[in-house]
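**Q**
Residue numbers (my numbering): 704 to 903.
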């Protein structure tokens with residue numbers, strides 16, 4: 704266990720010097736057609752603070768659900784959302800107006816466990832996120848449109864270069880950890896909604 708923790712911290716240290724997030728971070732896009740992005744995570748601290756960034760003169764709505772309660776926030780400027788208690792949360796980012804590329808990252812608290820991501824991508828926009836893993840193997844299962852060609856790219860310091868897969872041929876991704884990974888969802892033909900769910 705100690706060796707895993709050491710390796711994870713080493714990965715975090717190195718990622719700081721490669722331009723890749725040191726842990727949880729996610730970036731999506733909202734338009735009149737792509738009205739909703741969402742992600743689920745499990746917090747492990749009594750207080751976890753997520754920071755949301757949006758461009759100037761933009762607006763989004765953020766719906767937070769957890770423990771049978773739900774609250775909605777309206778953002779006109781970058782600001783934070785505080786998640787109280789160690790439990791599972793569903794965060795839904797909703798379109799309000801215009802075209803908005805938004806980003807959320809861990810601002811304070813222990814690294815959460817990312818469990819699900821739902822979003823949209825096309826040949827002009829790459830949806831991406833970063834996460835840390837503490838297990839030797841973490842598996843993710845995908846869904847994507849049948850009439851589009853979605854490529855998933857994973858970048859990790861535990862291996863050289865990056866790995867790519869076409870979701871139509873392989874709908875499961877394996878992350879060999881522990882370590883820090885960046886996941887990019889990049890269609891090369893068409894586009895649409897995708898989901899990624901952690902299954903192990």
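C-beta atoms are modelled at their ideal positions from N, C-alpha and C, and glycine is treated no differently.
Everything numeric in this text was worked out from a predicted model, so none of it was measured.
What is the DSSP secondary structure of residue 744, counted as helix, strand or coil?
**A** The answer is strand: DSSP assigns residue 744 an E or B state.
**Q** What residues are listed by DSSP as bridge partners for residue 846?
**A** Paired residues: 898.
**Q** Out of 753, 747, 903 and 732, which one is the CA nearest neighbour of residue 840?
**A** Cα-wise, what sits closest to residue 840 is 903.
**Q** Report the rounded CA-to-CA distance for residue 850 versus residue 887, giving the unit in angstroms.
**A** About 19 Å.
**Q** On the criterion of 16 or more Cβ atoms from any shown chain inside 10 Å, does residue 878 qualify as buried, or is it exposed?
**A** So residue 878 ends up on the buried side.
**Q** So, using beta-carbon positions, are residue 822 and residue 828 closer together than 7 Å?
**A** Cβ atoms of residue 822 and residue 828: not closer than 7 Å.
**Q** Expressed to the nearest angstrom, what Euclidean distance is found between the alpha-carbon atoms of residue 825 and residue 876?
**A** So the alpha carbons of these two residues sit roughly 20 Å apart.
**Q** When the distance is taken between beta carbons, is residue 752 closer than 7 Å to residue 793?
**A** No; because the gap between Cβ atoms is not below 7 Å, this pair is not in contact.
**Q** Is the beta carbon of residue 911 sitting closer than 7 Å to the one on residue 818?
**A** Not covered by the structure: residue 911. The range shown for the chain is 704 to 903.
**Q** What separation, rounded to the nearest whole angstrom, lies between the Cα atoms of residue 782 and residue 730?
**A** Whole-angstrom Cα-Cα distance: 15 Å.
**Q** Is the distance from the Cβ of residue 813 to the Cβ of residue 747 below 7 Å?
**A** Their beta carbons are under 7 Å apart, which means residue 813 touches residue 747 by this criterion.
**Q** What residue from 774, 733 and 853 has the CA that sits closest to residue 766's CA?
**A** It is 774 whose Cα lies nearest to the Cα of residue 766.
**Q** Leaving out the 5 sequence neighbours to the left and right, which residues in its chain are closer than 6 Å to residue 728 when beta-carbon positions are compared?
**A** The answer, listed in chain order, is 808 and 833.
**Q** Please classify residue 787 as buried or exposed, where buried requires at least 16 other C-beta atoms within 10 Å of its C-beta.
**A** With fewer than 16 other Cβ atoms within 10 Å, it is exposed.
**Q** Check the C-beta distance from residue 745 over to residue 815 and give it rounded, since I have them as a contact under 8 Å.
**A** Contact flag correct, Cβ pair sits at about 6 Å.
**Q** Can you tell me whether residue 718 is buried or exposed? The criterion is at least 16 other CB atoms within 10 Å of its CB, across all chains shown.
**A** Unreliable positioning characterises residue 718 in this predicted model, as indicated by a pLDDT of 40, which lies under 50. The coordinate reading is nonetheless provided below. Classification of residue 718: buried, given that the 10 Å Cβ count is 16 or more.
**Q** Considering only C-alpha positions, which residue in the set 899, 882 and 871 is nearest to residue 892?
**A** Residue 871 is the option with its Cα nearest to residue 892.
**Q** So, at 6 Å on beta carbons, what are the nonlocal neighbours of residue 896 in its own chain, with the 5 sequence-adjacent residues on each side left out?
**A** Same-chain partners within the cutoff: 823.
**Q** By how many angstroms is the C-alpha of residue 726 removed from the C-alpha of residue 737?
**A** Whole-angstrom Cα-Cα distance: 26 Å.
**Q** Do you know how far the Cα of residue 791 is from the Cα of residue 687?
**A** Outside the displayed range of the chain (704 to 903) lies residue 687, so it cannot be described from this structure.
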